[in-house]
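J.:
Residue numbers (my numbering): -6 to 190.
Encoded structure:
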């Protein structure tokens, strides 16, 4: 799939097909994983690969917001297996929260570190969404309530890469989780220990 077509398809509200597939299958870009996907889903896989190809690192951090219809009052972590759509404007994030329940009106405020890949989407239809698409397989950690904003619960969080647990013991998996949390603010260590995605 061409890059321009993959971006247009994502921005034209077709992203739910892609995100639901990635969340269900935890697809990666390996050849074996691709070959195991049913033929009917390979166009979705190609779409994912096209979006993966435009993701890039930067040399700066940026503050972003993500609006969600989810209650985070009892959560400290949130895994994003698919691409994560965010905005530079908290007012835009608020517009993406539609749920009627007050506890579910949530905005996550976070700094995106340089080593996590992203792509700045161009505005469409003369809007000023300032949308940033973040690479697949990330994880919000250290989620904490910050304030209320126009009847929305604003939480702060850190974002790290998410590495799917291998066939390790529970003790090894907990150890890996702790290492990832400790590396949140040290991108050089994260790259040297876990490699680039």
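The beta carbon of each residue, even a glycine, is placed where N, CA and C say it ideally should be.
Given the structure is predicted, the values throughout are model-derived calculations rather than measurements.
(1) Determine, using beta carbons only, whether residue 152 and residue 131 come nearer to each other than 7 Å.
(2) Quick one: residues in its chain with C-beta nearer than 7 Å to the C-beta of residue 109, no 5 flanking neighbours on either side, listed in chain order?
(3) Quick one: grab the DSSP three-state call for residue 78.
(4) Could you tell me the alpha carbon to alpha carbon distance between residue 186 and residue 83, rounded to whole angstroms?
(5) Does DSSP classify residue 114 as helix, strand or coil?
(6) Using 8 Å for Cβ pairs, my map puts residue 58 next to residue 80. What's the rounded Cβ distance?
(7) According to DSSP, simplified to helix, strand and coil, what is residue 62?
(8) Does the beta-carbon of residue 49 have 16 or more other beta-carbons within 10 angstroms, so that it is buried, or is it exposed?
(9) Should residue 146 go down as buried or exposed, given a rule of 16 or more other Cβ atoms within 10 Å for buried?
(10) Does the Cβ of residue 78 have 16 or more other Cβ atoms within 10 Å, making it buried, or fewer, making it exposed?
(11) Quick check on DSSP: helix, strand or coil for residue 84?
(12) Is DSSP giving residue 97 helix, strand or coil here?
(13) Grab me the residues of residue 192's own chain with a C-beta within less than 6 Å of its C-beta, minus the 5 sequence neighbours each way, in chain order.
(14) Look up residue 38 in the DSSP assignment and say whether it is helix, strand or coil.
(15) Within the same chain, show all residues whose beta-carbon is closer than 7 Å to that of residue 194, passing over the 5 residues directly before and after it, in chain order.
(16) Just reading off the beta strand (DSSP E) that residue 135 is part of, what are its end residues?
(17) Helix, strand or coil for residue 109, going by three-state DSSP, please let me know.
(18) For residue 47 and residue 72, I'd like the C-alpha separation in whole angstroms.
(19) Verify whether the separation of the beta carbon atoms of residue 60 and residue 38 is less than 7 Å.
T.: Quick look at the numbers:
(1) Against a cut-off of 7 Å, the Cβ pair of residue 131 and residue 152 comes out as a contact.
(2) Taken in chain order, the residues that qualify are 127, 128, 131, 152 and 154.
(3) Here residue 78 sits in strand by DSSP.
(4) Here residue 186 scores only 35 on pLDDT, less than 50, and its place in the model should not be relied on; the value that follows carries that caveat. It is roughly 34 Å from the alpha-carbon of residue 186 to the alpha-carbon of residue 83.
(5) Coil, per DSSP.
(6) Contact between residue 58 and residue 80 holds, since their C-beta atoms are separated by about 6 Å, short of 8 Å.
(7) In the three-state scheme derived from DSSP, where H, G and I count as helix and E and B as strand, residue 62 is classed as strand.
(8) Counting of Cβ neighbours within 10 angstroms places residue 49 among the exposed residues, the total staying below 16.
(9) Residue environment: residue 146 is assigned as buried (16 or more neighbouring CB atoms within 10 Å of its CB, all protein chains considered).
(10) Buried is the call here.
(11) Residue 84: helix per DSSP, three-state reduction.
(12) Collapsing the DSSP output to three states places residue 97 in a helix.
(13) The chain is shown only over -6 to 190; residue 192 falls outside these bounds and no answer can be derived.
(14) In the structure shown, residue 38 sits in a helix (DSSP, three-state: H, G or I).
(15) Because the chain spans -6 through 190 in this model, residue 194 falls outside it and cannot be assessed.
(16) Here the beta strand (DSSP E) through residue 135 covers 131 to 142.
(17) Look at residue 109 here: in three-state DSSP terms it is coil, with no helix or strand label.
(18) The straight-line gap from Cα to Cα measures roughly 22 Å.
(19) For residue 60 and residue 38, no; Cβs fall outside 7 Å.
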